[in-house]
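Visitor:
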Amino acid sequence: EADIYQTPRYLVIGTGKKITLECSQTMGHDKMYWYQQDPGMELHLIHYSYGVNSTEKGDLSSESTVSRIRTEHFPLTLESARPSHTSQYLCASGGGGNTEAFFGQGTRLTVV
Amino acid sequence: GENVEQHPSTLSVQEGDSAVIKCTYSDSASNYFPWYKQELGKGPQLIIDIRSNVGEKKDQRIAVTLNKTAKHFSLHITETQPEDSAVYFCAASKGNQFYFGTGTSLTVIP
Numbered sequence: 001e002a003d004i005y006q007t008p009r010y011l012v013i014g015t016g017k018k019i020t021l022e023c024s025q026t027m028g029h030d031k032m033y034w035y036q037q038d039p040g041m042e043l044h045l046i047h048y049s050y051g052v053n054s055t056e057k058g059d060l061s062s063e064s065t066v067s068r069i070r071t072e073h074f075p076l077t078l079e080s081a082r083p084s085h086t087s088q089y090l091c092a093s094g095g096g097g098n099t100e101a102f103f104g105q106g107t108r109l110t111v112v
Numbered sequence: 113g114e115n116v117e118q119h120p121s122t123l124s125v126q127e128g129d130s131a132v133i134k135c136t137y138s139d140s141a142s143n144y145f146p147w148y149k150q151e152l153g154k155g156p157q158l159i160i161d162i163r164s165n166v167g168e169k170k171d172q173r174i175a176v177t178l179n180k181t182a183k184h185f186s187l188h189i190t191e192t193q194p195e196d197s198a199v200y201f202c203a204a205s206k207g208n209q210f211y212f213g214t215g216t217s218l219t220v221i222p
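From first to last, the protein sequence lines stand for chains A and B.
Sequential numbering of the first sequence, starting at 1, is according to the working numbering.
Sequential numbering of the second sequence, starting at 113, is according to the working numbering.
Now the structure itself:
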C-alpha cells in the first residue's frame, strides 16, 4: 500500500472561504502532482512539482495554488472557494524516471 | 504534448468473459505505459505497467500489450470477476509527466 495521504477525505465549505487540501508522502519522492477529477472520471493535471521550491501549473487552468517547502508535503490552497471548485482532488507522487505514480485516496470538495 | 485516447468509455461483460480496453498515444517519445484501477471512493492504483522495450506483459489474469509502431497499447482481463468492476485508466509517460486516458468504467455482471 502506498504511503501517500490526503486530508480531509471530504469537505463541505461555503463560498468565499479559504481552504487548504493537505497531501503528504513518506516515500521520499521528488515528483508530486495534483489532479482534479470531474464526475465524468477524467483526470486533469492542475499542478506538479519536481522537488523542493519547484512548482508548475498543469494542463488544466486552476485558481488554486501550491507550495513545496518540504519534500514530503505538497498542499493545495484555494484562496476563495466557489461552487465551480466542487470536485474530487487527487494527489500523487512518483519516484522519478519511468516508474509508477502513487495516488492518495482523494479529497472530495463541495462548495455551497 | 502527448494525447492519450482510451476506448471504450463504458464496458459491460458477463462474469468469466474477457475484457479489453484500448489506448492510443501520439508522442513516439513516450516510453512508459501504466494502467490504473480506481474503485469507488478511492484513488487510482497501479495494476500493471509496460515499458517501450517490451511488447507484452502478463500478471495472472491481467495482460498488457504494446505496439510502438502503431502507438497503441491494450489491457486484457481474462476470467473477469465482480471485483474487477471499477474505472480503469491508461497513461503514457516519457519521464516527468503522466498523460492519462479518459477512463473506462468496467462492469462485470454476475
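Yeah, the Cβ is synthetic: ideal placement off N, Cα and C, and Gly gets one too.
Remember, predicted model here, so these are calculated numbers, not experimental data.
Along the beta strand (DSSP E) that carries residue 163 of chain B, what are the first and last residues, could you check?
Guide: Where residue 163 of chain B is concerned, the enclosing beta strand (DSSP E) stretches over 157-163.
Visitor: DSSP three-state label for residue 129 of chain B, please.
Guide: The answer is coil: DSSP assigns residue 129 of chain B none of H, G, I, E or B.
Visitor: Would you tell me roughly how many angstroms separate the C-alpha atoms of residue 115 of chain B and residue 84 of chain A, rounded to the nearest one?
Guide: Cα to Cα, residue 115 of chain B sits roughly 26 Å from residue 84 of chain A.
Visitor: Do residue 163 of chain B and residue 143 of chain B have their beta-carbon atoms positioned less than 8 Å apart in this structure?
Guide: Yes, Cβ-Cβ distance for residue 143 of chain B and residue 163 of chain B is below 8 Å.
Visitor: So residue 143 of chain B contacts chain A; which residues on that side make the cut at Cβ distance below 7 Å?
Guide: Under the 7 Å cutoff, chain A gives 98.
Visitor: If you follow the beta strand (DSSP E) that residue 146 of chain B is part of, which residue opens it and which one closes it?
Guide: Looking at the DSSP string, the run of the beta strand (DSSP E) that includes residue 146 of chain B is 144-150.
Visitor: List, in order along the chain, the chain B residues whose C-beta lies closer than 9 Å to that of residue 41 of chain A?
Guide: 121, 150, 199, 201, 214, 215, 216, 217, listed in chain order.
Visitor: I want to know whether the stretch 183-197 of chain B touches the stretch 24-40 of chain A - three or more CB-CB distances under 8 Å.
Guide: Cβ pair count under 8 Å is below three, so no.
Visitor: Hey, out of B/170, B/202, B/219, B/194, whose CA is closest to residue 117 of chain B's CA?
Guide: Closest by alpha carbon: B/202.
Visitor: Kindly provide the ranges of any beta strand (DSSP E) runs that are 3 or more residues long and lie completely inside the stretch 193-220 of chain B, ordered along the chain.
Guide: The qualifying runs are 198-205, 210-212.
Visitor: Taking 8 Å as the CB-CB cut-off, is residue 81 of chain A touching chain B?
Guide: Residue 81 of chain A does not count as touching chain B.
Visitor: Please name the residue, chosen from A/81, A/57, A/74, that lies closest to residue 6 of chain A on a Cα-to-Cα basis.
Guide: Checked all of A/81, A/57, A/74; the closest Cα to residue 6 of chain A is A/74.
Visitor: Would you mind working out which of A/71, A/12, A/39, A/46 sits nearest residue 135 of chain A, comparing C-alpha positions?
Guide: Outside the displayed span of chain A (1 to 112) sits residue 135 of chain A, for which this structure offers no information.
Visitor: Using the C-alpha atoms, what's the distance from residue 183 of chain B back to residue 140 of chain B?
Guide: One C-alpha to the other measures close to 7 Å.
Visitor: Relative to the alpha-carbon of residue 119 of chain B, which residue among B/165, B/220, B/214 has its alpha-carbon at the smallest distance?
Guide: Of B/165, B/220, B/214, the residue nearest in Cα terms is B/214.
Visitor: For residue 92 of chain A, which option in A/82, A/79, A/22 has the closest C-alpha, if you only look at C-alpha atoms?
Guide: Among A/82, A/79, A/22, the Cα nearest to that of residue 92 of chain A is on A/22.
Visitor: What are the start and end residues of the beta strand (DSSP E) that includes residue 43 of chain A?
Guide: Run containing residue 43 of chain A: 43-51, per the beta strand (DSSP E) assignment.
Visitor: Looking only at its chain, what residues have a beta carbon closer than 7 Å to the beta carbon of residue 14 of chain A, apart from the 5 residues adjacent to it on each side?
Guide: Around residue 14 of chain A: 112.
Visitor: Within its chain, find whatever has a CB closer than 8 Å to the CB of residue 166 of chain B; leave out the 5 residues flanking it on each side and keep chain order.
Guide: So the list reads 178, once near-sequence residues are dropped.
Visitor: Counting only Cβ-Cβ distances shorter than 8 Å, please list the residues of the stretch 45-57 of chain A near chain B, keeping chain order.
Guide: Cβ contacts with chain B: 45, 48, 50.
Visitor: Any heavy atom of the ligand ATP inside 7 Å of the beta-carbon of residue 38 of chain A?
Guide: For the ligand ATP, the structure offers nothing, since it holds no ligand at all.
Visitor: Would you say residue 281 of chain B lies against chain A (beta-carbon separation less than 8 Å)?
Guide: The structure shown has nothing for residue 281 of chain B, since chain B only spans 113 to 222.
Visitor: Is the shortest distance between the beta-carbon of residue 103 of chain A and the beta-carbons of chain B less than 8 Å?
Guide: Chain B, which has a Cβ nearer than 8 Å to the Cβ of residue 103 of chain A, makes this yes.
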